[in-house]
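Heads up: the protein sequence lines correspond to chains A and B, in order.
So the number in the numbering used here is just where the residue sits in the first sequence, counting from 1, plus 1.
So the number in the numbering used here is just where the residue sits in the second sequence, counting from 1, plus 1.
We put the CB at the ideal spot given by N, CA and C, even for glycine.
This one's a predicted model, so the numbers in the text were calculated from it and none came from an experiment.
In what follows, a structure is listed as C-alpha cells, so that the remarks can point back to it.
2 protein chains.
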Amino acid sequence: MSLDRQQKRTTIYDLAELAGTSASAVSAVLNGNWKKRRISKQLAEKITRIAEEQGYALNMQASLLRREKSHIIGMIVPKYDNRYFGSIVELFETMARDKGLFPLITCTRRDPALEIEAARTMLSYQVDCVIATGATDPDRITELCAAAGVRTINLDLPGKLAPSVISDNFAGARELTRRILASCHQRFGSMEPLMFVGGRGGDHNTMERLRGFRQAHADHGIHLEDHRVIACGYAPEKAQTALQERSASGLPFSRGMFVNSTITLEGVLRWVRLAGPVSEQEFAVGCFDYDPLVALLGDNIEMVRQDVPAMLARMFELIEHGNFEPTVSEIPPVLR
Amino acid sequence: MSLDRQQKRTTIYDLAELAGTSASAVSAVLNGNWKKRRISKQLAEKITRIAEEQGYALNMQASLLRREKSHIIGMIVPKYDNRYFGSIVELFETMARDKGLFPLITCTRRDPALEIEAARTMLSYQVDCVIATGATDPDRITELCAAAGVRTINLDLPGKLAPSVISDNFAGARELTRRILASCHQRFGSMEPLMFVGGRGGDHNTMERLRGFRQAHADHGIHLEDHRVIACGYAPEKAQTALQERSASGLPFSRGMFVNSTITLEGVLRWVRLAGPVSEQEFAVGCFDYDPLVALLGDNIEMVRQDVPAMLARMFELIEHGNFEPTVSEIPPVLR
DNA sequence: CGCATTTGCTCAATCGATGAAGCAAGATTT
DNA sequence: AAATCTTGCTTCATCGATTGAGCAAATGCG
Chain A
2 MSLDRQQKRT
12 TIYDLAELAG
22 TSASAVSAVL
32 NGNWKKRRIS
42 KQLAEKITRI
52 AEEQGYALNM
62 QASLLRREKS
72 HIIGMIVPKY
82 DNRYFGSIVE
92 LFETMARDKG
102 LFPLITCTRR
112 DPALEIEAAR
122 TMLSYQVDCV
132 IATGATDPDR
142 ITELCAAAGV
152 RTINLDLPGK
162 LAPSVISDNF
172 AGARELTRRI
182 LASCHQRFGS
192 MEPLMFVGGR
202 GGDHNTMERL
212 RGFRQAHADH
222 GIHLEDHRVI
232 ACGYAPEKAQ
242 TALQERSASG
252 LPFSRGMFVN
262 STITLEGVLR
272 WVRLAGPVSE
282 QEFAVGCFDY
292 DPLVALLGDN
302 IEMVRQDVPA
312 MLARMFELIE
322 HGNFEPTVSE
332 IPPVLR
Chain B
2 MSLDRQQKRT
12 TIYDLAELAG
22 TSASAVSAVL
32 NGNWKKRRIS
42 KQLAEKITRI
52 AEEQGYALNM
62 QASLLRREKS
72 HIIGMIVPKY
82 DNRYFGSIVE
92 LFETMARDKG
102 LFPLITCTRR
112 DPALEIEAAR
122 TMLSYQVDCV
132 IATGATDPDR
142 ITELCAAAGV
152 RTINLDLPGK
162 LAPSVISDNF
172 AGARELTRRI
182 LASCHQRFGS
192 MEPLMFVGGR
202 GGDHNTMERL
212 RGFRQAHADH
222 GIHLEDHRVI
232 ACGYAPEKAQ
242 TALQERSASG
252 LPFSRGMFVN
262 STITLEGVLR
272 WVRLAGPVSE
282 QEFAVGCFDY
292 DPLVALLGDN
302 IEMVRQDVPA
312 MLARMFELIE
322 HGNFEPTVSE
332 IPPVLR
C-alpha cells in the first residue's frame, strides 16, 4: 500500500515564522475570530495573504482534537442502488453543508454487523450526531452512540430509542393499493385481490404498508387471502425466486401487484419476462418507490414517491431543536 | 444548532487509571502492537477487557494527528442519481475498507466550485489520496492535491496530470452504434443515420463516444450530418429542451438514437412522450449506460454497462503500485 | 556470585490548532 | 502626572494517542 509521500505540510507555525508573528495570531486570523482576539487588520491581511501564497490547509485532525464539537454529522445508508437512497444521500450532503456541518456517509449494504462497525467508526471520528437510515437494528446503533454521548436519529425505518422520521407508509400504501385496484377494474374489468411482493415481514415499513394494503382491500370489500402476501426481502433475486416458487405451488395469481420497492420491482419484472403467466401488459403493478425512468417506461406501473426533501427537512429540524424524544414523524409520500 | 452533549469520552488515560498502568501501555495494547512493545499477555488482556467494559472508542483525531499516514482515501463523485455512480461508490467503499482504508465520499453535483472546495476539505482531513470521479476539472484537483503532497487518480473522466481509469468509450460507442443501426435495419428496414443526444462537447468521454459513433456510421458507409449530434449536457431537462427546439427547427429526425447516459435518457423519453414525432415503439434507442430496470422495461433500448468492478480494481492497482504517471487505462465496457 | 541480556513496563516529547491568561505600549481620564 | 483603560499582541497549557528513550526487575551465563 503506497499512498505516498507528503513533504511536511505547511502549519500555522510555518506561517507564523514567515509573518514574523505567533502561531496563536495565525490561528485566530485563519479561523475567523481575529476581531474577538484583537488582532489588527494589517496583521490579519498579511497572514491571510501568506497563507494563500503557501497554499495552507488547516489540519482538521488537530483542530477537531482541540474543539468540543466536531460539526461532523454521520449517516449510515443501506444501499446506493436506487433513486430513493441516492436522493437521500445527495440532499443530506447539501443540507448538512448548508448548515455548516460536515457529512460523513457510510453504506452498509444491509449488513447488520457492518452497521454496528460503521457506527463505531463514526464515533471514533467524533461525529456530533448519527443518522441511521433504513437500519436493520436502529436501536442498537442508538445505544452504542448514546454510550458515547452522541445522539442519533432514525430515518426511513423507525426505532424505539431515538426520534424517527419515516414515510406515512399506511396512507401511502392504502392509496397506492386503491389505485392498482382501480386500474385492474378499468383494464381487466375485475377487482380480484392483489399480490404484495417484497419487504421483510418484521420491518416496520413493510408491516405498515401491509396494513394499508389490507385496509384498501377491506375498503372495497375484497377478501384478501394470506397467501397473496410474499414478504420475501427486498433483493431482486429473492423476489424472482419467490414468485417462481409460488408459480410452481399452484396457488392463484392476480394480475395486480403491489411491489415494495424499485429494487424488488427488478426481480418481479424479471420473473414476468421469464416465467410470468401472462405478458407484462396484462399486469397492473404499483410500486412503493419512485424512479423516473420506470415512471416513463412502465405504462402500467403506478408509483409512490417518498418525500425526501420533507423528510430531511424534518430531520434537521429535530436536530436543531435538540429533540431527543423517541417520537415518530410520518411524512406523507407523493403519489403520481 | 444543538448537536448536544457528551459527558467526557473515555480516553486511554482513564483506562490506564482503571487498569493501574500507563497510557502508553494502553495505547500499545489497543492498537495491536503490544508484542512489539513487549507488553505481557496478561496486561494486554486486562486492558482489552476494561476497554470493552468501558465502551472505549479511539479518538481518531488524536490518533491521526500523531500518525504520518491517515489511511483515509477520498472520493469525489458528481451525482448519486444513477446506477453507474451508485455502484462506483458502493464498490469503492467496500474495496477501500477491505484494504484497510477509510473511504470519505463527497458528492459535488457537477459543480466545479464545489469540486475544488471538496478537494480542499479532503486535504484538511489529511486524506492520503483523492479519487476524482467524473470531475469537470480533474487537473485542477490534481494540482491542488499535489501541492499538499497528496496524489490523485481520475476515474470515469481522464485528466492530464494524474493516472486515469476510464471506459473504452470509443469501442463501446462504436459497438453500441452498430447495434442500434442493426436494430433500425431489422425493425424499420432502413439504415438512416442516428442521432446522438447528451453529454458535453468538451468532455473526453463524449468526444470519444462521438468518435465511435461516427466510426460505426463510416463502417456502414452511412453519411452522418453534423446536425444529428446534440451534445446538450447530461441533465434530462436539457435533453428534453434540446429535442424540443430541434423539433421546432424542422431538421430531420431519425428513429435511431444514441443516448449518452440514463440520466439523459430520462429527458429523451419525456420528450418522446410529450412531443415525439412517433410513438416510443417506433424508436430504436441505445444508451451508453446501464440500468437494470430500463434493461427490463425498455424493449427497444440497447444498453452498454461500464465495467465498474474492473475499473475500480485497476484504480486500486495503481494506488498499490504507487503509479504516478498520467497514463490512461481504458476498461472495455460490457454490452448486453 | 557477578555481569550481560531480556522482559515489561513508564516517561515525556510530540503531532497542529486553540484560547485563557498575561503583558507591554499607547491612549484616555482625572 | 498618576491612574486606568484599550489595543495588539505572545506565552503556554491543552486536546488524546503515539513512540523513542530509559529504567528496574527478572533471567541467563560463565
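Could you please give me the residues that DSSP links to residue i through a beta bridge?
i, result
"Phe103 (chain A)", "A:Ile73"
"Ser1 (chain A)", "The structure shown does not extend to residue 1 (chain A), since chain A is modelled only from 2 through 337, so no value can be given for it."
"Ile132 (chain A)", "A:Met76, A:Ile154"
"Cys108 (chain A)", "A:Val78"
"Arg201 (chain B)", "B:Cys233"
"Met123 (chain A)", "For Met123 (chain A), which the question treats as bridged, DSSP gives no partner whatsoever."
"Val335 (chain A)", "A:Arg306"
Determine whether the Cβ of residue i lies closer than 8 Å to any Cβ atom of chain A.
i, result
"Pro327 (chain B)", "no"
"Gly56 (chain B)", "yes"
"Glu303 (chain B)", "no"
"Glu91 (chain B)", "yes"
"Ile117 (chain B)", "no"
"Cys108 (chain B)", "yes"
"Glu263 (chain B)", "It should be noted that the sequence gives Thr, not Glu, for residue 263 (chain B). For Thr263 (chain B), the answer is yes, since a Cβ of chain A falls inside 8 Å of its Cβ."
"Glu94 (chain B)", "yes"
"Leu31 (chain B)", "no"
"Arg175 (chain B)", "no"
"Leu298 (chain B)", "yes"
"Arg212 (chain B)", "no"
"Asp112 (chain B)", "no"
"Arg84 (chain B)", "yes"
For residue i, decide whether its Cβ has a neighbour in chain B, counting only Cβ atoms nearer than 8 Å.
i, result
"Ser88 (chain A)", "yes"
"Leu16 (chain A)", "no"
"Tyr126 (chain A)", "yes"
"Thr295 (chain A)", "Just to set this straight, residue 295 (chain A) is Val in the shown sequence, not Thr. Chain B, which has a Cβ nearer than 8 Å to the Cβ of Val295 (chain A), makes this yes."
"Leu266 (chain A)", "yes"
"Tyr291 (chain A)", "no"
"Arg215 (chain A)", "no"
"Glu10 (chain A)", "Looking at the sequence itself, residue 10 (chain A) is Arg, so the reference to Glu does not match. By this cut-off, Arg10 (chain A) is an interface position."
"Tyr339 (chain A)", "The shown model of chain A, from 2 to 337, leaves out residue 339 (chain A), and the question about it has no answer."
"Gly199 (chain A)", "no"
"Arg121 (chain A)", "yes"
"Ile13 (chain A)", "no"
| message | For the segment 73-82 of chain B against the segment 80-94 of chain A, do three or more pairs of beta-carbon atoms, one drawn from each stretch, fall closer than 8 Å, so that the two count as touching? | response | yes
| In chain order, which alpha helix (DSSP H) runs of at least 4 residues are fully inside the segment 249-290 of chain B? | 263-276
| For the segment 37-68 of chain B, which residues have a CB atom closer than 7 Å to at least one CB atom of chain A, in sequence order? | Gly56, Ala58, Leu59, Asn60, Met61, Gln62, Ala63, Leu65, Leu66
| message | Going residue by residue through the segment 203-244 of chain A, where are the continuous alpha helix (DSSP H) segments of at least 4 residues, counting only ones entirely within it? | response | 205-220
| request: Please confirm if the segment 97-104 of chain B is in contact with the segment 35-51 of chain B, defined as three or more CB-CB distances below 8 Å between the two stretches. | output: no
| request: Please list the residues of the segment 140-153 of chain B that have a C-beta atom closer than 9 Å to any C-beta atom in chain A, keeping them in chain order. | output: Leu145, Ala148, Ala149, Gly150, Val151, Arg152
| request: Could you say if the segment 115-129 of chain B and the segment 54-74 of chain A meet the contact criterion of at least three C-beta pairs nearer than 8 Å? | output: yes
| What residues in the segment 306-336 of chain B have a beta carbon less than 7 Å from any beta carbon of chain A? | Ile320, Glu321, Gly323
| request: Evaluate contact between the segment 192-205 of chain A and the segment 16-29 of chain B, counting only Cβ atoms and requiring at least three cross-stretch pairs below 8 Å. | output: no
| Which residues, in order along the segment 267-280 of chain A, keep a beta-carbon less than 7 Å from a beta-carbon of chain B? | Glu267, Leu270, Arg271, Arg274
| Do the segment 273-288 of chain B and the segment 245-261 of chain B make contact, defined as three or more Cβ pairs closer than 8 Å? | yes
| said: Does the contact criterion of 3 or more C-beta pairs under 8 Å hold for the segment 194-214 of chain A versus the segment 234-246 of chain A? | reply: yes
| said: Taking contact to mean 3 or more Cβ pairs, one atom from each stretch, closer than 8 Å, check whether the segment 174-185 of chain A and the segment 149-166 of chain A are in contact. | reply: no
| field | Positions along the segment 244-261 of chain B whose CB lies within less than 8 Å of some CB in chain A | value | none
| field | Selection of the segment 17-28 of chain A by Cβ proximity to chain B, strictly under 7 Å | value | none
| task | Evaluate contact between the segment 307-326 of chain A and the segment 264-278 of chain A, counting only Cβ atoms and requiring at least three cross-stretch pairs below 8 Å. | result | no
| task | Let me know the alpha helix (DSSP H) ranges lying completely inside the segment 170-200 of chain B, each 4 residues or longer, listed in chain order. | result | 170-189
| field | Runs of beta strand (DSSP E) lying entirely within the segment 37-76 of chain B, each at least 3 residues, in chain order | value | none
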